[in-house]
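Number of protein chains: 2
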Amino acid sequence: MTSLQSYACGQWTAGSGDPVALHDPSTAEVIGDVRPAGVDFAATLAHARNVGGPALRAMTFAQRGEILKGLSKVLHEHRDELIGVAGRNGGNTRGDAKFDLDGASGTLAFYAHLSKSLPETPWITDGEGTQLGRTARFWAEHVLLPRPGVALHINAFNFPAWGMGEKLACSILAGVPVITKAGTASAMLAWRVSELIVASGLLPEGSFQFIPGSISAMTDHLESMDVVAFTGSARTGIRIRGNANCIAKSVRVNIEADSINSAVLGPDCDFDDDSFTQFISNLHIDMTQKAGQKCTAVRRILVPHDKLDEVKEALVDRLKSTRIGNALDPDVRMGPVASAAQLEDVRGGIQKLQAECDTILGGPEAMDGPGYFVTPTLLQARNNDAQLLHELEVFGPCATILPYDGKAETAADLINRGGGCLVASAYSDDKKWISEVVAGIAPWHGRVWVGSEKTMGHALGPGAVLPGAIHGGPGRAGGGEELGGLRGLQPYLQRTAIQGDRSVVGRSFGSPE
Amino acid sequence: MTSLQSYACGQWTAGSGDPVALHDPSTAEVIGDVRPAGVDFAATLAHARNVGGPALRAMTFAQRGEILKGLSKVLHEHRDELIGVAGRNGGNTRGDAKFDLDGASGTLAFYAHLSKSLPETPWITDGEGTQLGRTARFWAEHVLLPRPGVALHINAFNFPAWGMGEKLACSILAGVPVITKAGTASAMLAWRVSELIVASGLLPEGSFQFIPGSISAMTDHLESMDVVAFTGSARTGIRIRGNANCIAKSVRVNIEADSINSAVLGPDCDFDDDSFTQFISNLHIDMTQKAGQKCTAVRRILVPHDKLDEVKEALVDRLKSTRIGNALDPDVRMGPVASAAQLEDVRGGIQKLQAECDTILGGPEAMDGPGYFVTPTLLQARNNDAQLLHELEVFGPCATILPYDGKAETAADLINRGGGCLVASAYSDDKKWISEVVAGIAPWHGRVWVGSEKTMGHALGPGAVLPGAIHGGPGRAGGGEELGGLRGLQPYLQRTAIQGDRSVVGRSFGSPE
């Protein structure tokens, strides 16, 4: 049995205190533990700030990009081993594990590539220079410089590799050292990835540290140049943003919280249209991939009244034919949820939704066997105005159909009741309808995904987070922003206006002409 | 005697409750009052969201820019009258009042001009489109759309016109309705400006509302699409950011707080150099303009040991020859501080600093007469390591000299002890020294101002906030960002990635080719 270690202050350290058991969610067997105490938080932060930060900042963006390229390769080389770990401690099917791992190595490679477009200076010039006075002499340039602090990355249990990798890529490329905290339930994969990262020797000492246990007390030690990037529940996000020390020191806090994402079928989509096919296929992926444990997964499905029967039939068919079982079985397409606590949450959530919905498929009943399995559950709202539909996220293989009149305005109103979401998807080949929906919902979302006949076979579904587009969302979704190419570096950079004579400021800090 | 009214829900409304007296700070005479109660906050917010927001969003950026142009003209046309109000209720000399008023009309005109570069669509396309898949079909554009909420602008007492105008310009151009709260002590100018704005009929109903009294309970009514922009003390900023409702709803909070700004003289600058001359001149402006009540004013003055005597002599000469008195007297160059409370704070602050400093000029003693006058006070640190020097802002005509060894590294270390500032200025014609200082301090500042022989006669000093460069700073300065051209609109816009087929997404949301 494995007891996970922390990598802090340049060494692997065993934890202490009462162990938290790690399970194989497919069997409920205990396969390891995390002992939460034993890391000196102040020393870990100081090590990052005093050793890791200066080492990273001494490199160019391109040099840091080379590190990311190397890390991407390391992950890819150990892919098969890591898929096994994800199956054992995460309940991930082979497909689920690949989605997580390839997401991590792909995002690292993306930012490695992006680094080639960045300058050789220690800063990035932001936009064009500006004349400030009546003469061209008095000039301003804006520069983006790495913050001389530390990035505390608090990851969720559902994407142990990708979540760590995407935050790491942006922070390291920006030049800010990382302390990464794994979601404890599935920490074994993050721990093994961290072992590989440390063993590779690619990252300078102090620029990467790893903690699998609780770090809630660490926020009290953060300083003004530090950054917290958190992915997880809205509730925990609120606690972090409300931390008195972070508020007093203006610590940057970037939150990506769960949200009640939606998908809407346009009234023009008929059963044999490519748009309809993608709608069903993407819903099926979102409900079953990672057993529905994706922050981007669709929870509310808007269907025009006259398409209801067709959608239900098609979706139920797909869900029923999904083979559920032990994640390590290569024929299985949907594994368990990640932990006993998640199982309880999901079952409780389904029961709450059932008070407002009819059950089309599934339900909260326990499945046979000791593992943390939930059956795919499709509900239909009895009344779209019930606030619970728009507020309660069941973080598992569960979604609710909301019948609607097919009007863009109605769709936008219902979708926006989610109070701010990571993503919404709309399927239609009617450009007017699509434009109205997109314009109506865009300010409430970090990302809007448009399905049409032309995306068929070309587009990854709305549940996939790609490094070229931003990830995050307003309101309920936490108000944060990650990825999106160069935009993803901004939380780790300080923007500063440099003013003075153009011959001094423009030549030193402006873009090369 | 005038009792200021609020403009809310489409009408001017008298306040109720116990009056807060407004004074002429030059004479301590009561000239008006603000009655804090009587505004229905929920109704005021709803009026902005439901009436003002849709009206603004129905316009193009250029149409909103035209409004700003009109408002700029209105202010300019009433300049003389407004200078009088600023003198009576703000203790502003004619020069102080012009600085505030021309700052307001200039910033409105700047954003009016900027609007011409913006598209005719309801959104701004953010950067280039991006290919997301293996084929060029799967595509993303990023768009910036006005948030369908309300902007609550909480202004400081020191810049009643400019503070209101710069926030208003960015918010209105972005398409977000404004509720503006004046700093109460000097609210008469903001009230009169608001009367002119309302009477002009330029802004659509609901897009501008004005409250001179307390609005602290309003933050409890804010929603996820709303934005708070606050300028004022670090302490109040912390309270706003810590508001439980704002945290829970991910309300955007942009804070521009006071900070312990510095100026550093390079070791190469001799007494008759232009750089030296500007150093002294800008220090004199910062200490006496608005009686030192500028959030950007220099509080810490770093001087190489061997220049100490020359700097002190030159600065003391300038300060001594500054005529202090009733702000309405046209020969007066420095007026009183804004209120009795400010007078008490400033005198108390000087006394605290004196525990760590020698007094070169001035001190906390009361000046003759009933007004709120403080004598210009120049101190010299006995020990640069005293944390108080880097923490305590005396918001009045007071600054402290810190002697140092002339090394860039020493200067950067001392400057950064401010824990995050709005601005720092460095004076030198030694490019290597300047580069080292700038690179060392930039991440801790929102703005760095470089003085050299070539800026002589061409540059406004570091205390002036210009719309082309960002204003704000990390850490102690609140972590916010305003102005900086188009950057200033970002707090009011939601960035959203739109993904889908390139022919749909690129054509609808991409930049015109």
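Chain order of the listed sequences is A and B. This note's numbering applies: residue 1 is where the first sequence begins, and numbers increase by one. This note's numbering applies: residue 1001 is where the second sequence begins, and numbers increase by one. Glycine included, every Cβ here is placed at the ideal spot set by N, Cα and C. Quantities reported herein were computed from a predicted structural model and do not represent experimental measurements.
* **Cβ-Cβ distance between B:G1480 and B:A1469 below 8 Å** => Not in contact: B:G1480 and B:A1469 (Cβ atoms no closer than 8 Å).
* CB contact below 8 Å: A:E481 versus chain B -> Closer than 8 Å to some Cβ of chain B, the Cβ of A:E481 qualifies, so yes.
* To do: Flag B:S1207 as yes if its beta-carbon sits less than 8 Å from any beta-carbon of chain A, otherwise no.
  => It does not; no Cβ of chain A falls within 8 Å.
* Asked: What's the call for A:N261, buried or exposed, on a 16-neighbour Cβ count within 10 Å?
  -> Label assigned to A:N261: buried.
* Would you call the segment 1493-1503 of chain B and the segment 451-461 of chain A in contact, with 3 or more CB pairs under 8 Å? -> They touch, by the three-pair rule.
* Reduced DSSP category for A:F208 - H, G, I as helix; E, B as strand; rest coil -> Strand.
* Would you call the segment 3-15 of chain A and the segment 112-122 of chain A touching, i.e. three or more CB-CB distances under 8 Å? -> No, because fewer than three Cβ pairs between the segment 3-15 of chain A and the segment 112-122 of chain A fall closer than 8 Å, the two stretches do not touch.
* Minimum Cβ-Cβ distance from B:G1053 to chain A less than 8 Å -> So no, B:G1053 is outside the interface.
* **Three CB pairs or more closer than 8 Å across the segment 1242-1259 of chain B and the segment 457-476 of chain A** => Touching, yes.
* **Interface flag, A:I470 vs chain B, CB-CB below 8 Å** => Chain B has a Cβ within less than 8 Å of the Cβ of A:I470.
* Spell out whether any CB of chain B is found under 8 Å from the CB atom of A:K431. => Output row for A:K431: interface = yes.
* Note down the Cα distance separating B:E1356 from B:K1312, rounded to an integer number of angstroms. => Whole-angstrom Cα-Cα distance: 18 Å.
* Sequence-distant residues of its chain with Cβ nearer than 7 Å to A:I441 (five each side left out) -> Here the set comprises A412, I415, N416, A424 and V448.
* Assess, as a yes-or-no matter, whether the segment 182-194 of chain A is touched by the segment 83-92 of chain A under the definition of 3 or more beta carbon pairs within less than 8 Å. => Segments in contact, yes.
* For the 8 Å Cβ check, are there 3 or more pairs between the segment 1090-1107 of chain B and the segment 1203-1216 of chain B? -> They do not touch, by the three-pair rule.
* Inspect the beta-carbon positions of B:G1091 and B:G1349 and report whether they are closer than 8 Å. => No.
* Residue burial classification, B:M1218 (beta-carbon count within 10 angstroms, cutoff 16) -> Only buried fits B:M1218, as 16 or more other CB atoms lie within 10 angstroms of its CB.
* To do: Just grab the DSSP bridge partners of B:C1398 for me.
  => Per DSSP, B:T1377.
* Asked: B:M1367 bridges to which residues according to DSSP?
  -> Per the DSSP secondary-structure output, B:M1367 pairs with nothing in a beta bridge.
* Assuming A:Q209 contacts A:A366 under a Cβ cut-off of 8 Å, what Cβ separation, rounded to an integer in Å, is found between them? -> Wrong, their Cβ atoms sit about 40 Å apart, outside the cutoff.
* Enclosing beta strand (DSSP E) for A:Q499 [first to last residue] -> Unbroken beta strand (DSSP E) run through A:Q499: L493 to D501.
* Of the choices A:Q131, A:H305, A:A234 and A:T135, whose alpha-carbon is the least far from that of A:C295? -> Distances from the CA of A:C295 to each of A:Q131, A:H305, A:A234 and A:T135 were compared; the closest alpha carbon is that of A:A234.
* Asked: A:F138 touches chain B at which residues, Cβ-Cβ below 8 Å?
  -> Those are T1455, H1458, A1459 and L1460, listed as they occur along chain B.
* At a Cβ cut of 7 Å, what residues of the segment 1487-1499 of chain B count as close to chain A, listed as they run along the chain? -> Within the segment 1487-1499 of chain B, the residues whose Cβ lies closer than 7 Å to some Cβ of chain A are Q1494, R1495, T1496, A1497, I1498 and Q1499, listed in chain order.
* Asked: At a CB-CB cut-off below 9 Å, which residues of chain A make contact with B:M1001?
  -> None at all; the shortest Cβ gap to chain A is about 40 Å.
* Asked: Taking the Cβ atom as the reference point for each residue, do A:L315 and A:L402 lie within a distance shorter than 8 Å?
  -> Cβ atoms of A:L315 and A:L402: not closer than 8 Å.
* Is B:T1277 helix, strand or coil by DSSP? -> Correct three-state label for B:T1277: helix.
* Return the chain-ordered list of same chain residues with a C-beta closer than 6 Å to the C-beta of B:S1339, the five sequence neighbours on each side being excluded. => Cβ neighbours of B:S1339 beyond the five flanking positions: A1185.
* To do: Check the DSSP bridge columns for B:F1509 and list the partner residues they point to.
  => DSSP lists no bridge partner for B:F1509.
* Selection from B:L1004, B:C1398 and B:V1437 that minimises the alpha carbon distance to B:G1017 -> When the alpha-carbon of B:G1017 is set against those of B:L1004, B:C1398 and B:V1437, the nearest one is in B:L1004.
* Asked: Would A:T130 count as contacting chain B if we go by Cβ distances under 8 Å?
  -> Taking Cβ atoms only, chain B reaches closer than 8 Å to A:T130, which makes this a yes.
* Is it true that the segment 1026-1035 of chain B meets the segment 1050-1064 of chain B, where meeting means three or more beta-carbon pairs spaced less than 8 Å apart? -> The segment 1026-1035 of chain B is not in contact with the segment 1050-1064 of chain B.
* Short CB-CB distance (under 8 Å) between A:S216 and chain B -> Taking CB atoms only, A:S216 has no neighbour in chain B less than 8 Å away.
* Asked: From this set, A:L361, A:W123 and A:G95, which residue's C-alpha is nearest A:D331's C-alpha?
  -> Relative to the Cα of A:D331, the nearest Cα in the group A:L361, A:W123 and A:G95 belongs to A:G95.
* Asked: Do A:V193 and A:A161 come within 8 Å of each other at the CB atom, strictly closer than that value?
  -> Yes, Cβ-Cβ distance for A:A161 and A:V193 is below 8 Å.
* **Under 8 Å between C-beta atoms of A:R495 and A:D126** => It is a contact, given that the beta carbons lie within the stated cut-off.
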